[in-house]
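Contents: one structure, followed by commentary.
2 protein chains.
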Amino acid sequence: MELTLDATFAALAAPTRRAILARLAEGEATVMELAEPFAISQPAISKHLKVLEKAGMISTGHDAQRRPRRIEPAALEAASQWLERYREIWEANYARLDALLEILKQDAKKTRAKKREK
Amino acid sequence: MELTLDATFAALAAPTRRAILARLAEGEATVMELAEPFAISQPAISKHLKVLEKAGMISTGHDAQRRPRRIEPAALEAASQWLERYREIWEANYARLDALLEILKQDAKKTRAKKREK
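As they're listed, the protein sequences go chains Y and U.
Quick note: the first sequence uses this note's numbering, first residue 1, plus one each step.
Quick note: the second sequence uses this note's numbering, first residue 1001, plus one each step.
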């Protein structure tokens, strides 16, 4: 599990690989289709695909001619679940920010009220 | 944003750094406290902390003597949000699995019913 998370997070640390996953999220695609939107060569795309496949994040379909790649979501899900444990921390941060904004709003109201009194 | 995601995912691709974040999720801690559970030297821990700090994932508190580290959740949240877009895919996978299990269950029921008939 730890090893898989290592490979998954490392694979996610490159914009081209994230873009490939975003494309595959819409449906399976061939290497040529995946290479199309990028200004890099097909062998370079193939290298990125190998990293993703080794990390178990994509697989190759059975169509021998097209060899379409598709997303394997389990690794992405494990990574997402690992990050989820921190949700409490950032939600607590938002709660503090909300409280601060409320105080600032109340202060602004009081200042306006005082100005009207004068 | 893309650069931050690169740094965040790269920082997450090491078990020691993930363990440091897990410890800091419970509250701030000094370098000595963070090094304690690991069988590695304090300089090695400091190196990991530098990677996390450079990626904006932790910060150092103002106490000059203790210099406690604490989690900065924004980067983790961005990474989590990036992965969230794939939730639909893995949830669809579970739905397919559920449907398959339902079919298998129905088949098993029919087989049992047929056996009773004999």
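Note that the Cβ used here is the ideal one computed from N, Cα and C, for glycine as well.
Model, not experiment: these values are computed from the prediction.
Backbone secondary structure at Arg66 of chain Y - three-state DSSP: coil
Tell me, please, whether the CB atom of Met1001 of chain U is closer than 8 Å to any CB atom in chain Y? A caution first: Met1001 of chain U carries a pLDDT of 47, below 50, which makes its placement in the model unreliable, though a value can still be read off. Closer than 8 Å: no.
Identify the contact partners of Asp98 of chain Y in chain U, using a Cβ-Cβ distance below 7 Å as the criterion. What Asp98 of chain Y touches in chain U: nothing, since even the nearest Cβ is about 15 Å away.
Cα-Cα separation, Phe9 of chain Y to Ala1079 of chain U: 10 Å
State yes or no: is the beta carbon of Arg85 of chain Y nearer than 8 Å to at least one beta carbon in chain U? yes
DSSP-derived helix/strand/coil call for Ser1046 of chain U: helix
Interface flag, Leu1076 of chain U vs chain Y, CB-CB below 8 Å: yes
Sorted by chain position, which residues of the same chain lie with C-beta nearer than 7 Å to Ala1029 of chain U's C-beta, five sequence neighbours on each side aside? Arg1023, Pro1068, Arg1069
Short of 9 Å Cβ to Cβ, which residues in the segment 6 to 18 of chain Y face chain U? Asp6, Ala7, Thr8, Phe9, Ala10, Ala11, Leu12, Ala13, Ala14, Pro15, Arg18
Any beta carbon from chain Y within less than 8 Å of Ala1079 of chain U's own beta carbon? yes
Can you grab the Cα-Cα spacing for the pair Ile1040 of chain U / Leu1049 of chain U, in whole Å? 13 Å
When you compare each of Y:Ala11, Y:Leu76, Y:Ile20, Y:Leu101 to Glu1088 of chain U by their alpha carbons, which one comes out closest? Y:Leu76
Comparing C-alpha positions only, which one of U:Ala1035, U:Leu1005, U:Ala1025, U:Gly1027 sits nearest to Thr1016 of chain U? U:Ala1035
Kindly identify the DSSP beta-bridge partner or partners of Ile1071 of chain U. U:Ile1058
Cα-Cα separation between Gly1027 of chain U and Lys1105 of chain U, rounded to whole angstroms: 47 Å
Among residues of its own chain, excluding the 5 on either side of Asp98 of chain Y, which ones have a beta-carbon nearer than 8 Å to its beta-carbon? none
Simplified DSSP state of Ala1035 of chain U, which is helix, strand or coil: helix
Partner residues on chain U for Ala55 of chain Y, Cβ-Cβ distance less than 9 Å: Within chain U, no residue comes near Ala55 of chain Y; the closest Cβ sits about 10 Å away, beyond 9 Å.
Who are the Cβ neighbours of Trp82 of chain Y in its own chain at under 8 Å, not counting the five residues just before and after it? Leu5
Positions along the segment 15 to 41 of chain Y whose CB lies within less than 8 Å of some CB in chain U: Pro15, Arg18, Leu21, Ala22, Ala25
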